[in-house]
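Colleague:
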Amino acid sequence: MAPDPIFFRDLAYVFIAAVVGGTSAYLLRQPLILGYVFGGILISPLTPGPSISDVRSFELFAEIGVILLMFCIGIEFSLNDLLRVRWAALVGGPVGIVLSILLGVGVGHVVGWSSIQSVVIGAVVSVASTMVLARLLLDSGDLRAKHGRVMIGITLVEDLAVVVLTVLLPALGALEPGRFATIGKALWLAVLILVPFSYLAAKAIPPLLTRIAKTQNAELFLLVALSIGIGTAAVTQIAGLSLALGAFLAGLIISGSEYGHETLARLLSLRDAFVALFFVTIGILIDPRVVWANIPLLGLMLSLIIVGKFVIWTLVVRLFRYAWGTALLVGVGLTQIGEFSFVLVQVAKTAGHVGEDVYNATLAASLLSILLNAPLVRYAPRWIAALHFRMGRASVPVQGGVYDDQAGHVVVCGFGRMGSTVGLALDHFELPYTVIERDPDIVRHLRHRGISCVYGDASQVELLKAAGAQRAALVIVALPVIHEASLTLRRLRGLNEKIPVLVRAHGFREAEDLKDVGATEIILPEVEGAHTLIRHAFQALKVPKSSILAYLKSCQGFRSSSAGTDSQD
Numbered sequence: 002m003a004p005d006p007i008f009f010r011d012l013a014y015v016f017i018a019a020v021v022g023g024t025s026a027y028l029l030r031q032p033l034i035l036g037y038v039f040g041g042i043l044i045s046p047l048t049p050g051p052s053i054s055d056v057r058s059f060e061l062f063a064e065i066g067v068i069l070l071m072f073c074i075g076i077e078f079s080l081n082d083l084l085r086v087r088w089a090a091l092v093g094g095p096v097g098i099v100l101s102i103l104l105g106v107g108v109g110h111v112v113g114w115s116s117i118q119s120v121v122i123g124a125v126v127s128v129a130s131t132m133v134l135a136r137l138l139l140d141s142g143d144l145r146a147k148h149g150r151v152m153i154g155i156t157l158v159e160d161l162a163v164v165v166l167t168v169l170l171p172a173l174g175a176l177e178p179g180r181f182a183t184i185g186k187a188l189w190l191a192v193l194i195l196v197p198f199s200y201l202a203a204k205a206i207p208p209l210l211t212r213i214a215k216t217q218n219a220e221l222f223l224l225v226a227l228s229i230g231i232g233t234a235a236v237t238q239i240a241g242l243s244l245a246l247g248a249f250l251a252g253l254i255i256s257g258s259e260y261g262h263e264t265l266a267r268l269l270s271l272r273d274a275f276v277a278l279f280f281v282t283i284g285i286l287i288d289p290r291v292v293w294a295n296i297p298l299l300g301l302m303l304s305l306i307i308v309g310k311f312v313i314w315t316l317v318v319r320l321f322r323y324a325w326g327t328a329l330l331v332g333v334g335l336t337q338i339g340e341f342s343f344v345l346v347q348v349a350k351t352a353g354h355v356g357e358d359v360y361n362a363t364l365a366a367s368l369l370s371i372l373l374n375a376p377l378v379r380y381a382p383r384w385i386a387a388l389h390f391r392m393g394r395a396s397v398p399v400q401g402g403v404y405d406d407q408a409g410h411v412v413v414c415g416f417g418r419m420g421s422t423v424g425l426a427l428d429h430f431e432l433p434y435t436v437i438e439r440d441p442d443i444v445r446h447l448r449h450r451g452i453s454c455v456y457g458d459a460s461q462v463e464l465l466k467a468a469g470a471q472r473a474a475l476v477i478v479a480l481p482v483i484h485e486a487s488l489t490l491r492r493l494r495g496l497n498e499k500i501p502v503l504v505r506a507h508g509f510r511e512a513e514d515l516k517d518v519g520a521t522e523i524i525l526p527e528v529e530g531a532h533t534l535i536r537h538a539f540q541a542l543k544v545p546k547s548s549i550l551a552y553l554k555s556c557q558g559f560r561s562s563s564a565g566t567d568s569q570d
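First residue of the sequence shown: 2, per the numbering used here; consecutive thereafter.
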């Protein structure tokens, strides 16, 4: 079958728009998602200029972005992270949703909306976009900060609440008992599918990853990871829940194994490409004429979303004894609506409860709230920290770290013969160290001994960060393959230009290449071994020790001058 040239032209438009918009946002020091959305506006069929012809195809691609992002978020989280915020999420989440709906009803009564329309608008503004929030928290580094954990927990509960709301909204005005039976049946079906599936997945996925890891084949590992993430998302969708929730659960299962960091490192580039496509697609949906035609209703909805939800969520989080700084940050983060609001207003429109004006205003309010929320989430921690400082209180953290605060340790990349020998010496002198190793058997053995280690390819930035390489006192790169060592060194220098890095090399040319990349010191084991052999041999032949050392010193000078021409020792 011949490829469709229109589709590939549109695909080129989308990625060019992402590049142009993302670059512009970067130069203006704004969140990248703002640039992606504006890039989408430029190629929208609803605006002048070049445009894509089939929006629906790219909406499907955007769903892959949702799955990959939430899968990675699940990997970066842990079950303990969620348990720490369980009360704020499981109790505070429903409370906040109900209060948001009541706010919509109250405002609707004042401005003259019907009761049903007021409930619909309240429901629409009550649910934030997990996808948008997760991306903003990732960009700011606040994903695993206290306020980040609370926000993600709440939005996951909101995802579950959407199931209930989609059943209730069509029945407004004639809420018969059968509707509650439908809700109960839907939730029971979800539990019936998800509980055994999650149990089996938790038992089967780690051993499966262990088998794949033993092959040390990066392609197979990536394919298995994608199968797990997309497969679990599909199962939750069958159960009547969201793709995002399923992908998050899959990531959570992997995060409990030793392969979380490696899985994350393999998925990052693919995730970022599809996430960019998601936000470009949001921009494509914006119709400036609709925004202009619904300004009064749109302004009121934005007020509910930004002012109303900020107050509600700040107070709800405070009810659970969180500090004002955390509560304010949660309130700011949840002042947007997203894809599930589209779903709810579509359900209400189909049921005849709202007209085109509310539907179009919801689309516009969603997109504008995302555009406004992005800079708020980025700058709010600084503003709130400054406010606390002026009030004489302890400052809230400006940025929450994703990784442990280990510092001043040694990072050993590769734990083969050379790396393990270095490890024995570090153990002897009781110096703290962390190992990055791609052999799962070695990783398991090290963890059994209580040694800090990270499974995966040391050249991946995420794994270097997980090992705390940017804060280490020394990094030793003992990888046997030169291009892996060189790439690891380049990535290290991107994290910290000043950290001392010792690297092994097999030949003079390799040593010169590593020196150019930024190695502090280069060790050639074969040359060092040959020098030791010469020293012992000539001492046995009664050659004076001073003469032997002078000769070896001259050899070092020769080695330096010939490094650019010899490739072997």
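Don't be surprised by glycine CBs; every beta carbon is placed ideally from N, CA and C.
Keep in mind that this is a model prediction, so the values were computed, not measured.
Given that a residue counts as buried once 16 or more other Cβ atoms are within 10 Å of its Cβ, and exposed if not, what is K310?
Modeller: So K310 ends up on the buried side.
Colleague: If we ignore side chains and look at the alpha-carbon of each, how far apart do G495 and L253 end up?
Modeller: Roughly 29 Å between the two C-alpha positions.
Colleague: Quick one: Cα of P433 to Cα of L534, how far?
Modeller: In a straight line, the C-alpha of P433 is about 32 Å away from that of L534.
Colleague: Pick helix, strand or coil for L475, following the three-state DSSP scheme.
Modeller: Reduced to three states, the DSSP call for L475 is strand.
Colleague: Could I get the ranges of all uninterrupted alpha helix (DSSP H) runs contained in the segment 57-100, with 4 residues as the minimum, in chain order?
Modeller: Fully enclosed alpha helix (DSSP H) runs of 4 or longer: 80-85 and 87-91.
Colleague: Is it the case that the Cβ atoms of I102 and S130 are separated by a distance below 7 Å?
Modeller: Contact flag unset, no.
Colleague: Leaving out five residues on either side along the sequence, give the residues of the same chain with a beta carbon under 7 Å from the beta carbon of I443.
Modeller: Contacts found: F416.
Colleague: Quick check on the burial criterion: 16 or more other C-beta atoms within 10 angstroms. Buried or exposed for V38?
Modeller: That one is buried.
Colleague: Once you ignore the five residues that flank V86 on each side, which residues in its own chain have a CB closer than 7 Å to its CB?
Modeller: So the qualifying residues of the chain are R150, V151 and G154.
Colleague: To the nearest angstrom, how far is it from the Cα of V164 to the Cα of L195?
Modeller: Whole-angstrom Cα-Cα distance: 15 Å.
Colleague: For V308 and L268, what's the separation of their Cα atoms in angstroms?
Modeller: C-alpha separation (whole angstroms): 37 Å.
Colleague: If I follow the unbroken beta strand (DSSP E) through I523, where does it start and stop?
Modeller: First-last of the beta strand (DSSP E) with I523: E522 to I524.
Colleague: Going by DSSP, name the residue or residues bridged to T435.
Modeller: Paired residues: V412 and S453.
Colleague: Which residues bound the beta strand (DSSP E) around R505?
Modeller: V502 to R505 is the span of the beta strand (DSSP E), which, as asked, contains R505.
Colleague: Rounded to the nearest angstrom, what separates V355 and V346 at their Cα positions?
Modeller: Looking at the two C-alpha atoms, the distance is approximately 8 Å.
Colleague: DSSP three-state label for A18, please.
Modeller: Three-state result, A18: helix.
Colleague: Considering only the beta carbon of each residue, do Y315 and G332 sit closer than 7 Å?
Modeller: The residue asked about is misnamed: residue 315 is Thr in this sequence, not Tyr. Yes, the Cβ-Cβ distance between T315 and G332 is below 7 Å.
Colleague: Taking I283 as the reference, which of V504, I239 and I34 has the closest Cα?
Modeller: Among V504, I239 and I34, the Cα nearest to that of I283 belongs to I34.
Colleague: Quick one: is N361 buried, meaning 16 or more other Cβ sit within 10 Å of its Cβ, or exposed?
Modeller: That one is buried.
Colleague: Of the residues S58, L61, I42 and V411, which one's Cα is nearest the Cα of S52?
Modeller: Comparing Cα positions, the closest option is I42.
Colleague: Sorted by chain position, which residues of the same chain lie with C-beta nearer than 6 Å to A479's C-beta, five sequence neighbours on each side aside?
Modeller: Excluding sequence neighbours, A479 sits near G415, M419, G420 and R505.
Colleague: Between A467, Y456 and L475, which has its C-alpha nearest A219's C-alpha?
Modeller: For the residues A467, Y456 and L475, the minimum Cα distance to A219 belongs to Y456.
Colleague: Please report how far the alpha carbon of L69 lies from the alpha carbon of F343, in whole angstroms.
Modeller: Computed Cα separation, rounded: 21 Å.
Colleague: For the alpha helix (DSSP H) containing I44, name the first residue and the last one.
Modeller: Careful: I44 lies outside any alpha helix (DSSP H) and carries neither H nor E.
Colleague: Which of the three DSSP states, helix, strand or coil, is assigned to Y360?
Modeller: Note: Y360 maps to helix in three-state DSSP.
Colleague: Would W384 be called buried (16 or more neighbouring beta carbons within 10 Å of its own) or exposed?
Modeller: Exposed, since its Cβ has fewer than 16 Cβ neighbours within 10 Å.
Colleague: A571 to R290, Cα distance in whole Å?
Modeller: No answer is possible for residue 571: it lies beyond the span of the chain, which begins at 2 and ends at 570.
Colleague: Kindly indicate which residue of L369, L335 and F249 has the alpha-carbon position closest to the one of L286.
Modeller: Closest option to L286, Cα to Cα, is L369.
Colleague: Ignore the nearest five residues each way along the sequence and tell me which others in V317's own chain have a CB closer than 6 Å to its CB.
Modeller: Here the set comprises G93, V96 and G97.
Colleague: Buried or exposed for E581, please, with buried defined as at least 16 other CB atoms from any protein chain shown within 10 angstroms of its CB.
Modeller: Residue 581 is absent from the model: the chain starts at 2 and stops at 570.
Colleague: Is the separation between the beta-carbon of V67 and that of L244 shorter than 7 Å?
Modeller: Cβ atoms of V67 and L244: closer than 7 Å.
Colleague: Please classify Q540 as buried or exposed, where buried requires at least 16 neighbouring CB atoms within 10 angstroms.
Modeller: So Q540 ends up on the exposed side.
Colleague: Could you pull the start and end residues of the alpha helix (DSSP H) that E259 belongs to?
Modeller: Counting along the chain, E259 falls outside any alpha helix (DSSP H), and DSSP gives it neither H nor E.
Colleague: Answer with buried or exposed for R272, where buried requires no fewer than 16 other C-beta atoms within 10 angstroms of its C-beta.
Modeller: Burial call: buried.
Colleague: Can the beta-carbon of L265 be found less than 7 Å from the beta-carbon of C73?
Modeller: Cβ atoms of L265 and C73: closer than 7 Å.
Colleague: Following the continuous alpha helix (DSSP H) through Q238, name the residue where it begins and the one where it ends.
Modeller: Start and end: A219 to I239.
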